[in-house]
């Protein structure tokens, strides 16, 4: 599992996740995600490259999102594939972390 | 390709063993032509079932194994079963917790049963003399993971 951070204009941090967010992938990204969640208030989580997601991986998204929101910040998900989107929808995570398929709308949601 | 014999994966009871299912599914997929949506669905369901067994069923146990079985009895029809030696427990008896909602708390757990019912075409629980057997069917020809129109029905009736 790969994590890349990009600082965008407007104080937005883009976090690109790539790979399988299974139990192993979740363990690989959790620490970095939690550090990000404690220090950023505007996060675009690019999951276009996430090929697998289940309960274990959802924790890696929901825990940082909860931390960011508790500090008054915003987080959005960008670009899930169809199957990853189905997991987000089935769990209801898409109702608490907005999901965008268009980059400009994702960025606008963070302004 | 169909399988007249079972493929087996034996896992230890450390939760890190769950990571072994994904390369195993990939190998089966290459060998039995399992389509991508079924690979994904099987991964979701096996991760759910195994995490439940290893984190709860075998909690406080120091040794034991979990057996994961695979067969493909006919074209496009894939069956995974998980056998453990924990006390009898039917996950299908659990109440289904509602999905997260914008007004509710950002709860993390509790999605397992909903995932199973969403991604598998049939779910069957069986008590073993010692332990449990949980069977999941993925039908890539007529089921939820087929290219045909997706069904909005829940799980089909269990086999008698």
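Chains as they are written, first to last, in the numbering used here: chain A, 5 to 115; chain B, 2 to 161.
All residues carry an ideal CB built from backbone N, CA and C; glycine is no exception.
CB contact flag (residue 95/A, residue 48/B, <8 angstroms): If you number the first chain from 1, residue 95/A lands on position 91. If you number the second chain from 1, residue 48/B lands on position 47. No.
Backbone CA spacing between residue 113/A and residue 103/A [nearest angstrom]: Here residue 113/A refers to the residue found at position 109 when the first chain is read from its first residue. Here residue 103/A refers to the residue found at position 99 when the first chain is read from its first residue. When rounded, the distance between both Cα atoms is 10 angstroms.
Residue 16/A vs residue 111/A beta-carbon contact at 8 angstroms: Mapped onto the first chain, residue 16/A falls at position 12. Mapped onto the first chain, residue 111/A falls at position 107. Taking 8 angstroms as the Cβ cut-off, residue 16/A and residue 111/A qualify as a contacting pair.
Status (buried if at least 16 other CB within 10 Å, exposed otherwise) for residue 40/B: For the purposes of this step, residue 40/B is taken as the residue at position 39 of the second chain. So residue 40/B ends up on the buried side.
Touching by the beta-carbon criterion (3+ pairs, under 8 angstroms), the region 35 to 48 of chain A and the region 76 to 96 of chain B: no
Buried/exposed call for residue 40/A, threshold 16 Cβ in 10 Å: The count along the first chain starts at 1 and reaches residue 40/A at position 36. That one is buried.
Contact list for residue 37/A against chain B, beta-carbon separation under 8 angstroms: Translated into positions along the first chain, residue 37/A becomes position 33. Ordered by position in chain B, no residue passes the 8 angstroms Cβ test against residue 37/A, which lies about 14 angstroms from the chain.
Spatial neighbours of residue 11/B in its chain, beta-carbon cut-off 7 angstroms, leaving aside the 5 residues before and after: Numbered from its first residue, the second chain carries residue 11/B at position 10. Excluding residues within five positions, the ones whose Cβ falls inside 7 angstroms are 66, 68.
Cross-chain neighbours of residue 44/B in chain A, by beta carbon under 9 angstroms: By one-based count along the second chain, residue 44/B stands at place 43. Per Cβ cutoff of 9 angstroms: 24, 26, 56, 58.
Interface partners of residue 87/A on chain B, CB under 7 angstroms: Position 83 of the first chain, counted from the start, is the residue given in the question as residue 87/A. Going along chain B in sequence order, the residues near residue 87/A (Cβ under 7 angstroms) are 38, 41.
Cβ separation of residue 55/B and residue 26/B, assumed to be a contact under 8 angstroms, to the nearest whole Å: As a first step, residue 55/B is located in the second chain; it is residue number 54 there, counting from the start. As a first step, residue 26/B is located in the second chain; it is residue number 25 there, counting from the start. With a Cβ gap of about 17 angstroms, residue 55/B and residue 26/B do not count as contacting.
Residue 73/B and residue 121/B closer than 8 angstroms at C-beta: The residue given as residue 73/B occupies position 72 in the second chain. The residue given as residue 121/B occupies position 120 in the second chain. No; because the gap between Cβ atoms is not below 8 angstroms, this pair is not in contact.
Coarse secondary structure for residue 62/B, derived from DSSP in three states: Position 61 of the second chain, counting from 1, holds the residue named residue 62/B. Residue 62/B: coil per DSSP, three-state reduction.
Proximal residues of chain B, C-beta to C-beta of residue 97/A below 7 angstroms: One-based indexing of the first chain puts residue 97/A at position 93. Residues of chain B with a Cβ closer than 7 angstroms to the Cβ of residue 97/A are, in chain order, 101.
Where the beta strand (DSSP E) containing residue 74/B begins and where it ends: To locate residue 74/B, count along the second chain from 1; it is residue 73. Note, residue 74/B: beta strand (DSSP E), 67 to 75.
Member of 77/A, 115/A, 85/A, 105/A whose CA lies at the smallest distance from the CA of residue 55/A: One-based indexing of the first chain puts residue 55/A at position 51. Closest option to residue 55/A, judged by alpha-carbon separation, among 77/A, 115/A, 85/A, 105/A: 85/A.
Cβ separation of residue 1/B and residue 87/B, assumed to be a contact under 8 angstroms, to the nearest whole Å: This structure cannot settle anything about residue 1/B, because the visible part of chain B is limited to 2 through 161.
Backbone CA spacing between residue 100/A and residue 115/B [nearest angstrom]: The residue labelled residue 100/A in the question sits at position 96 within the first chain. The residue labelled residue 115/B in the question sits at position 114 within the second chain. Computed Cα separation, rounded: 18 angstroms.
Secondary structure of residue 80/B, DSSP reduced to three states: Locating residue 80/B in the second chain gives position 79, where the first residue counts as 1. Strand at residue 80/B.
From 42/A, 52/A, 51/A, residue whose alpha carbon lies closest to that of residue 75/A: The sequence position of residue 75/A within the first chain is 71, counting from 1. Ranking 42/A, 52/A, 51/A by Cα distance to residue 75/A puts 42/A first.
Contacting residues, own chain, Cβ-Cβ under 6 angstroms from residue 8/A (five flanking each side not counted): Taking the first chain and counting its residues from 1, the one referred to as residue 8/A is at position 4. 20.
Rounded Cβ spacing between residue 133/B and residue 89/B (contact assumed at less than 8 angstroms): Against the second chain, residue 133/B aligns to sequence position 132. Against the second chain, residue 89/B aligns to sequence position 88. The Cβ separation is near 6 angstroms, so the contact holds.
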